[in-house]
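In the numbering used here, the protein residues as written are -14 to 617.
Structural data, given as structure tokens:
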């Protein structure tokens, strides 16, 4: 029965409006659709709840229409309306019939109907569906024809003697006025000339140019800092020689232009670079052709040199982070020694010294330091002895004798459950069919409880049968496996070693100091932190059971500040890390030349400065903020 108002009259059916226009040039179409659909709602007696509006989005770009997706989701969640009013069925979608079914099925399944000024869309009868599909195919074919006509028009315009603009979007240094004439932006053109002139100089690179531009406070046209990619984009653009450039990339949903011809494309095809259409002498050049060709040769040579390098598997790829900018450090080889590999701050690599410091660290030195720390905390004899003690304590607790009363209690509970299971199985045969699923569920729960009690009883028997010698042999077997793991790490190649480290280490953050030496800035790695996975199963080997180690301190160091930043006590159970502190697995690392951490400095004196005789050549920051640097 239809809903009625308090006066007894039928309540108006609830409806929503869906409005869409395809381009920004159709500003009035949304208003026109709204007026016509509002009139339709009044004539049909609909109560309009709300509107869904997608502006300047094509009909076959369904996944990019947020309001249509919201309308579709509302239908899936249970709509509060029964009708969708649209100006035409192509407002919902211009997809082909195979795609349209995917997008409209939730609307139909929810029982919502679609109505246009021409009438209601019939999805329920065979004739209605055939008419809808034929109409939808015609509307989709309109899009394909439009795409082909646009491609043909662009190609014809590019072949004319007189062109409008530079061909597509104007690059940095140019702009097109209302008449289509290309005008040189003098300020930006000066920057473009500098970029080309800097690059042809010996020793210059994309990164150094980006750094110089950022240091000078020059921004891109978008107002963002310069990067290697933005510099390369300018150096590769032939428009700066006065050429009209068109169809450099093969794009388009249905048709595109390649080699001066219109080719068919699919929506899933990727955009690829093809032979473009170049028309020289179209506008005023900023860069002479000779300089442009010289830059292209240098770029090609740099690209070939990059491709010739071996694909070395960096051990710490994605694990090392710069302590200054907090971004990842990327691997690279030393130019004068390709066999050596180091890690460089990625921010500095892309933006130069205006973005961050030139922080680097040698891979071999860092690997030796990390291995030493893992030995101290995991694989060393001290750590293994700590593990032996922990395991034996756990075994001793598990081996505590069970009283006969407890064992008899377990057996009685198992017997009682067996009786309940047998009785329940008999009831299943005589129970009504509607109750059988519930009885089966209860039987399964009883079986699970019975199996758990049986495992407890079996564990009591095994504990009684195992001797102390057998338990010691089990402990030694586990420790031998840990030693073999250490040998495996020593023999592993870079790729395997990286996979092993990723199972233990989450992040390594390095700290650097910076000292001005004339015009140069000396950057030195002074230490850092290793963040270990809490689920690595070795957290209790890293720190004492009472609390986390202080940052920068070992077993003999003071306890002024714990690694997580709070004096949080941490409890451990067996080999698992305590849940109270998420950062309890932070371990301090030191400079590769440093030795073990302790109260006494083990750094050898430099012997270079008599005034510093007997003082640590690599002091470490104190635990308090702003404190003096000291030797640990």
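All residues carry an ideal CB built from backbone N, CA and C; glycine is no exception.
CA-to-CA distance, residue j to residue i, given in whole angstroms
i           : j           : result
residue 182 : residue 346 : 32 angstroms
residue 19  : residue 161 : 37 angstroms
residue 479 : residue 351 : 13 angstroms
residue 95  : residue 63  : 7 angstroms
residue 223 : residue 21  : 51 angstroms
residue 164 : residue 38  : 35 angstroms
residue -3  : residue 204 : 59 angstroms
residue 194 : residue 335 : 10 angstroms
residue 304 : residue 514 : 11 angstroms
residue 466 : residue 402 : 41 angstroms
residue 313 : residue 333 : 11 angstroms
residue 624 : residue 153 : Nothing can be reported for residue 624, as the shown portion of the chain is limited to -14 through 617.
residue 149 : residue 274 : 22 angstroms
residue 0   : residue 31  : 6 angstroms
residue 282 : residue 50  : 45 angstroms
residue 364 : residue 209 : 48 angstroms
residue 366 : residue 396 : 44 angstroms
residue 583 : residue 302 : Residue confidence for residue 583 is low, a pLDDT of 32 falling below 50, so the modelled location carries little weight; the figure read from the coordinates is stated next. Going from the Cα of residue 583 to the Cα of residue 302 covers about 31 angstroms.
residue 507 : residue 377 : 51 angstroms
residue 458 : residue 374 : 14 angstroms
residue 191 : residue 368 : 48 angstroms
residue 284 : residue 114 : 59 angstroms
residue 354 : residue 310 : 22 angstroms
residue 280 : residue 287 : 11 angstroms
residue 328 : residue 318 : 8 angstroms
residue 69  : residue 117 : 16 angstroms
residue 533 : residue 470 : A caution first: residue 533 carries a pLDDT of 30, below 50, which makes its placement in the model too unreliable to give a value.
residue 494 : residue 265 : 52 angstroms
Residue(s) in a DSSP beta bridge with residue i
i           : result
residue 318 : 326
residue 4   : 38
residue 618 : An answer regarding residue 618 cannot be provided, because it is not within the stretch -14 to 617 covered by the chain.
residue 104 : 101
residue 264 : 229
residue 298 : None, per the DSSP bridge assignment.
residue 634 : Because the chain in this structure spans residues -14 to 617, residue 634 falls outside the shown range and cannot be described.
residue 306 : 313 and 494
residue 346 : 328
residue 32  : -1
Sequence-distant residues of its chain with Cβ nearer than 8 angstroms to residue i (five each side left out)
i           : result
residue 177 : 157, 158, 219, 225, 271 and 272
residue 300 : 348, 352, 479, 482, 483 and 486
residue 399 : 435, 438, 439 and 442
residue 36  : 1, 2, 3, 4 and 19
residue 497 : 307, 308, 309, 342, 344, 508, 509, 510 and 511
residue 151 : 159, 161, 167, 224, 229, 230, 267 and 268
residue 212 : 195, 335 and 336
residue 103 : 73
residue 67  : -2, -1, 0, 96, 97 and 98
Neighbourhood of residue i by C-beta distance below 6 angstroms, restricted to the same chain and skipping five residues each side
i           : result
residue 5   : 39 and 76
residue 268 : 167 and 227
residue 196 : 337, 338 and 339
residue 581 : Confidence in residue 581 is poor, its pLDDT being 30 and thus under 50, which makes the residue's placement unreliable; the coordinate value appears in the next sentence. So the list is empty, once near-sequence residues are dropped.
residue 610 : Low confidence applies to residue 610: its pLDDT is 38, below 50, so where it sits in the model is not reliable, and the reading given next is rough at best. Hits under 6 angstroms: none found.
residue 169 : 269
residue 60  : 91, 92, 95 and 97
residue 217 : 191
Same chain, Cβ closer than 7 angstroms to residue i, five either side skipped, listed in chain order
i          : result
residue 47 : 53, 78, 80 and 88
residue 14 : 6
Classification of residue i by the beta-carbon crowding that lies within 10 angstroms, buried from 16 upward
i           : result
residue 362 : buried
residue 473 : exposed
residue 321 : exposed
residue 440 : exposed
residue 57  : buried
residue 180 : buried
residue 372 : buried
residue 215 : buried
residue 512 : buried
residue 85  : buried
residue 119 : exposed
residue 99  : buried
residue 106 : buried
residue 33  : buried
residue 326 : buried
Any non-hydrogen atom of the ligand SAH within 7 angstroms of residue i CB
i           : result
residue 312 : For the structure depicted, the ligand SAH is absent and the ligand set is empty, with no information on it obtainable.
query: In chain order, which alpha helix (DSSP H) runs of at least 4 residues are fully inside the segment 158 to 207?
result: 171 to 184 and 191 to 200
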